[in-house]
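Structure first, commentary second.
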Amino acid sequence: MKPPDRSQCPPRRNGKGEEDEDTQKFKPCRRYGLFAADSDPNKLQKRLSDEDGKYLDGYYASICEYSEICKHCGGRPAHIDTVIIAVDGACRGNGSLKPEASYGVFVKEKSLLNISSRIPDSEDAPPPTNQIIELWAAYFGIKTAIRLKESVGKKLSLVVIKADSEYVVKGMTDWIGKWKNNGWKTAKGGPVTNRDMFEILQTAVDFAARRGVKIEFWHVRREFNQEADELANLAFDNSFSAELRKTLI
C-alpha cells in the first residue's frame, strides 16, 4: 500500500487537547478525562515515520484520538517531540528465600536501547519483590529516556514511561506528593513502603527535567505491555524463538 502524502500536512507536535497542569501522569487529551487502563492504549500511540523526522523514525509517540483528522492524509497528528518507552519487571519465586529478578525496557523494535537484564543478588539489599522490581524497571526506563535525549537533542521534550504496574504509576503520580507533604507517612500514619526506591525514581525524574526532557507515567493493562514483559522474561531463559529475539533486542 502506498503511504499517504503528508507533504501538505500541518506540523505534528504537542498542542491542542493537551493538559496544561504540571503533573507526572500521562494525560493524552482532555476529551478522555482520566484515560481508563482497560481501554486500548494502541489508539493513543503511533509509530513515527520518516515524514516525522528521521531522528525519531520508528519510535512510538502519543496521539490525541479525537483531534481533528488531517484533510490531506486522513491521519491524526502524532506528537513528534514525545516518545513512549515501555517497562516491566519480573520476579520469579516472589516471597521465597531466593527470588530471581529481571526487568525489560522496550523503546522500539531492534533498538540498541532495549534492555533485557537480570538484577544480581546483593547481600546488602533485601530480597527483591514484585513491587521493588517494577520500580527498578521504571528507573532504568528513565535512564534510557535520558540516553535517548542525549542522542536526539532538543527535538525530544517528553518521554512517557508505560507500565502495567499500577503501584509504580500511582506511586509516582497520585501518592508521592502526598507522602512528601506528610513527612513520608501514609494516610494511616505508617512509613511509606519502598520509600528509598520512590526517592531514587523522583531524583531520576528531576535529573531528566534538568536535561530538558519531562517524564510522565502511563498505566496500561498487562496485555498492552507485552514487549517489555517479554524482554523481562527473556533474561530468565532461552525459550524465546530466534525471531522474537531479533525483533526485541
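Just so you know, we're using the UniProt record's numbering here: the sequence shown kicks off at 1 and counts up by one.
Ideal Cβ placement from N, Cα and C applies to all residues, glycine included.
Computed from a prediction, not measured in an experiment: that's the story for all the values here.
> Is the region 104-123 touching the region 193-213, taking contact as three or more C-beta pairs under 8 angstroms?
Replying inline: Because the criterion of three Cβ pairs below 8 angstroms is not met, the region 104-123 and the region 193-213 do not touch.
>> Are the CB atoms of residue 220 and residue 145 within a distance shorter than 8 angstroms?
In response: Not closer than 8 angstroms, so no.
> By DSSP, does residue 222 sit in helix, in strand, or in coil?
Replying inline: Helix.
> For the 8 angstroms Cβ check, are there 3 or more pairs between the region 168-183 and the region 124-138?
Replying inline: Output reads yes: the region 124-138 touches the region 168-183.
>> Going residue by residue through the UniProt domain "RNase H type-1" (79-237), where are the continuous beta strand (DSSP E) segments of at least 3 residues, counting only ones entirely within it?
In response: Correct list: 82-92, 100-106, 115-119, 158-163, 214-219.
>> Among the candidates 176, 108, 118, 112, whose CA atom is the shortest distance from the CA of residue 89?
In response: Its Cα nearest to that of residue 89, the residue 118 stands out among 176, 108, 118, 112.
> How big is the Cα-Cα spacing for residue 154 and residue 190?
Replying inline: Taking the straight line from one Cα to the other gives about 42 angstroms.
>> Can you confirm whether residue 135, when its beta carbon is compared against all beta carbons of chain B, has any partner nearer than 8 angstroms?
In response: Judged by its chain identifiers, the structure shown contains no chain B, having just a single protein chain.
> DSSP three-state call for residue 45: helix, strand or coil?
Replying inline: Correct three-state label for residue 45: strand.
>> Going by C-alpha to C-alpha distance, which of 142, 158, 81, 162 sits closest to residue 204?
In response: Here the closest residue by C-alpha is 142.
>> Measuring straight from C-alpha to C-alpha, what distance separates residue 167 and residue 81?
In response: Each residue's CA atom was taken as its position, placing residue 167 and residue 81 some 27 angstroms apart.
>> Using only the alpha-carbon positions, how far apart do residue 128 and residue 92 sit?
In response: Spanning the two alpha carbons is a distance of roughly 10 angstroms.
> Are residue 104 and residue 232 closer than 8 angstroms when you measure CB to CB?
Replying inline: Cβ atoms of residue 104 and residue 232: closer than 8 angstroms.
>> So residue 131 and residue 182 are supposed to be a Cβ contact under 8 angstroms. How far apart are they, rounded?
In response: Residue 182 and residue 131 do not touch by the CB rule: their CB atoms are close to 20 angstroms apart, not below 8 angstroms.
>> Between residue 187 and residue 225, how many whole angstroms is the CB-CB distance? I'm expecting something under 8 angstroms.
In response: Wrong, their Cβ atoms sit about 29 angstroms apart, outside the cutoff.
> Just how far apart, CA to CA, sit residue 165 and residue 24?
Replying inline: Cα atoms of residue 165 and residue 24: separation of roughly 15 angstroms, rounded to the nearest angstrom.
>> Which same chain residues end up closer than 6 angstroms to residue 112 when comparing Cβ atoms and leaving out the 5 residues on each side of it in sequence?
In response: Excluding residues within five positions, none has a Cβ falling inside 6 angstroms.
> So, residue 134 versus residue 236, is the Cβ gap smaller than 8 angstroms?
Replying inline: No, they are not a contact pair.
> What is the C-beta distance between residue 87 and residue 161, in whole angstroms, given that I count them as a contact (C-beta under 8 angstroms)?
Replying inline: The pair is a contact, with the Cβ atoms about 6 angstroms apart (cut-off 8 angstroms).
> Just how far apart, CA to CA, sit residue 192 and residue 178?
Replying inline: Each residue's Cα considered, the two are about 11 angstroms apart.
> Going by other Cβ atoms of all chains shown within 10 Å of its Cβ, with 16 needed for buried, is residue 223 buried or exposed?
Replying inline: The residue in question, residue 223, is exposed, as its Cβ has fewer than 16 Cβ neighbours within 10 Å.
>> I'd like the list of long-range same chain contacts for residue 185, defined as Cβ closer than 8 angstroms, with 5 residues on each side in sequence excluded.
In response: Closer than 8 angstroms at Cβ, skipping near neighbours: 179, 191, 192.
>> Between the alpha carbons of residue 216 and residue 158, how many angstroms are there, rounded?
In response: Residue 216 and residue 158 have their C-alpha atoms some 8 angstroms from each other.
>> Buried or exposed, going by whether 16 or more other CB atoms sit within 10 Å of the CB of residue 108?
In response: The residue in question, residue 108, is buried, as its Cβ has 16 or more Cβ neighbours within 10 Å.
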